[in-house]
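Each remark here refers to the structure printed beneath this line.
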Amino acid sequence: MAVKKILKYGTPSLREKSKEVHKVSSKIKTLIQDMFDTMYVNNGVGLAAPQIGINLRVFVIDVSTGDEPLNPIAFINPKIIKKSGVVVSQEGCLSFPEAYTDVKRYKNVMIKALDRNGRPFVLEANDGTLLARCIQHENDHLDGILFIDHSVNRFETDEVLKKHDLPPVEVNNLLDEPELDEAIRNDE
-3 MAVKKILKYG TPSLREKSKE VHKVSSKIKT LIQDMFDTMY VNNGVGLAAP QIGINLRVFV
57 IDVSTGDEPL NPIAFINPKI IKKSGVVVSQ EGCLSFPEAY TDVKRYKNVM IKALDRNGRP
117 FVLEANDGTL LARCIQHEND HLDGILFIDH SVNRFETDEV LKKHDLPPVE VNNLLDEPEL
177 DEAIRNDE
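Reminder that position 73 of the sequence shown reads as 69 in the numbering used here, one-by-one numbering, no gaps.
Dropping the structure here:
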């Protein structure tokens, strides 16, 4: 298999909406393996196909840590079917080397997708776990949404980006998330 080049923030194709996969072919299976190889080499916990320049609705995740065995999960044509709660946490992205900022996410998500063999599955991730946040982060990539679009404070995020020689937040891409904002206010 092959390790692919990860596109950096500022590459226009990272903002494009990805296309559905119509058949889980050997080409798609090779893509998935290449994505895992690329993610592991870069010490990531998730990677979406658009990050390696492939405009398809595919992402991979492995949130195992330390001595835990690897737990690679591939998602083809994923759809988040349920979401609730709110969590604020530090997030980063392989397309934003070394840059981390606070973002808002749903605490609980349920996602349906096809696995690497084309079989449908449903996965639930709760309590703001890394898995729950990672599912949302990678799924966003498929719609051209980046983690900084969920920034809690765009000015702090701009400072972080500047420090890492990355372009500033694209203000017109910031997400209006009244449901999450209200939940954060109610938690304070």
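We put the CB at the ideal spot given by N, CA and C, even for glycine. Computed from a predicted structure; not experimentally measured.
Which of helix, strand or coil DSSP assigns to residue i
| i | result |
| --- | --- |
| Glu12 | coil |
| Ala95 | strand |
| Val20 | coil |
| Val(-1) | coil |
| Glu166 | coil |
| Val118 | strand |
| Leu171 | coil |
| Glu64 | coil |
Proximity of residue i and residue j at Cβ, strictly below 9 angstroms
| i | j | result |
| --- | --- | --- |
| Tyr96 | Lys79 | no |
| Leu27 | His137 | no |
| Phe117 | Ala109 | yes |
| Val82 | Asp98 | no |
| Leu126 | Val20 | no |
Whole-angstrom C-beta distance between residue j and residue i, which should lie under 8 angstroms
| i | j | result |
| --- | --- | --- |
| Glu12 | Asn51 | 6 angstroms |
| Leu3 | Gly42 | That pair is no contact at about 15 angstroms. |
Residues bridged to residue i [DSSP beta-bridge criterion]
| i | result |
| --- | --- |
| Asn104 | Ser80 |
| Phe71 | Phe55 |
Assigned exposure category for residue i - 16 Cβ within 10 Å defines buried
| i | result |
| --- | --- |
| Val37 | exposed |
| Leu171 | exposed |
| Phe55 | buried |
Any C-beta of chain B under 9 angstroms from that of residue i
| i | result |
| --- | --- |
| Asn73 | The question asks about chain B, but that chain is absent: this structure has only one protein chain. |
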